[in-house]
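Here the structure comes first, spelled out in structure tokens, and everything after it is commentary.
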């Protein structure tokens, strides 16, 4: 498990205790804001808990819109974190019950952004702890490897799994990450509901805004 110094934890706490404001929603690359600040993107399958994690990290229950309906987030949603970083809540992938045209448009937007954004520092790939890595996650990992964009695996909804299951899944994912060039070889286990792992996520994000 990754170690974070007390100083890193405290700096992250201060950053996330400050302002975090919704900026804009982006439906096409030409709408992207100027590449002025480092960006951390939250990616993952539909309904994996991206918006819930953004809300939990910032301590704001309604900053990012959440929904029980997969596929609700259809654009890149930008949030300005203390004029230090942009957090980007991305459309979910792997959801079948939308039109193929719509799904293809989301996929193209996501992939074009991830491959070509110069200020993108890290992608948090969120994975439901009950389901583990799916083929669509592995495809994204391969694409980020090829684009040389660093990423981390964040397990979500840990409160819905047993500790033994989480440990086994984490070890399995870490073994997989060791075969991927751009993947950080560790896993952060989180629960937006219970607060687990939020401190660690904040410390990682804060380190990119130094």
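Residue numbers (this note's numbering): 7 to 216. For each residue, glycine too, the CB sits at the ideal point set by N, CA and C.
Taking DSSP's pairing of strands, which residues face residue 45 in a bridge?
DSSP lists 92 and 126 as the bridge partner or partners of residue 45.
Go to residue 151, then tell me how far its beta strand (DSSP E) extends in each direction, as first and last residue.
Here residue 151 belongs to no beta strand (DSSP E); instead the alpha helix (DSSP H) covers 141-153.
Sequence-distant residues of the same chain with beta carbon closer than 7 Å to residue 150, five excluded per side
These residues qualify, in order along the chain: 120, 129, 157 and 188.
Taking the Cβ atom as the reference point for each residue, do residue 81 and residue 31 lie within a distance shorter than 8 Å?
Taking C-beta atoms as the reference points, residue 81 and residue 31 count as a pair closer than 8 Å.
Counting Cβ pairs closer than 8 Å, one from the region 167-174 and one from the region 50-69, do we hit at least three?
No, the region 167-174 is not in contact with the region 50-69.
By the DSSP assignment, the alpha helix (DSSP H) with residue 191 in it spans what residues?
Where residue 191 is concerned, there is no enclosing alpha helix (DSSP H), although the beta strand (DSSP E) it sits in stretches over 189-195.
For residue 206, is the classification buried or exposed, using 16 other Cβ atoms within 10 angstroms of its Cβ as the cut-off for buried?
Residue 206 comes out buried.
Quick check: what's the CA-CA separation for residue 181 versus residue 138?
Just so you know, the alpha carbons of residue 181 and residue 138 end up roughly 13 Å apart.
Is it the case that the Cβ atoms of residue 115 and residue 47 are separated by a distance below 8 Å?
It is not a contact, given that the beta carbons lie outside the stated cut-off.
Using C-beta distances below 6 Å, list every residue in its chain close to residue 56, excluding the 5 sequence neighbours before and after it, in chain order.
Cβ neighbours of residue 56 beyond the five flanking positions: 48, 50, 95 and 132.
Distance check for residue 97 and residue 83, CA to CA, integer angstroms please.
Approximately 9 Å between the Cα atoms of the pair.
Which of the three DSSP states is assigned to residue 51 in this structure?
The answer is strand: DSSP assigns residue 51 an E or B state.
Which residues in the same chain as residue 136 place their Cβ atom closer than 7 Å to its Cβ, once the five residues preceding and following it in sequence are excluded?
For residue 136, where only same-chain residues beyond five positions count, the Cβ hits under 7 Å are 163, 166 and 167.
So what does DSSP say about residue 66, is it helix, strand or coil?
DSSP places residue 66 in coil when its eight states are reduced to three.
Using the C-alpha atoms, what's the distance from residue 208 back to residue 154?
So the two alpha carbons sit approximately 23 Å from each other.
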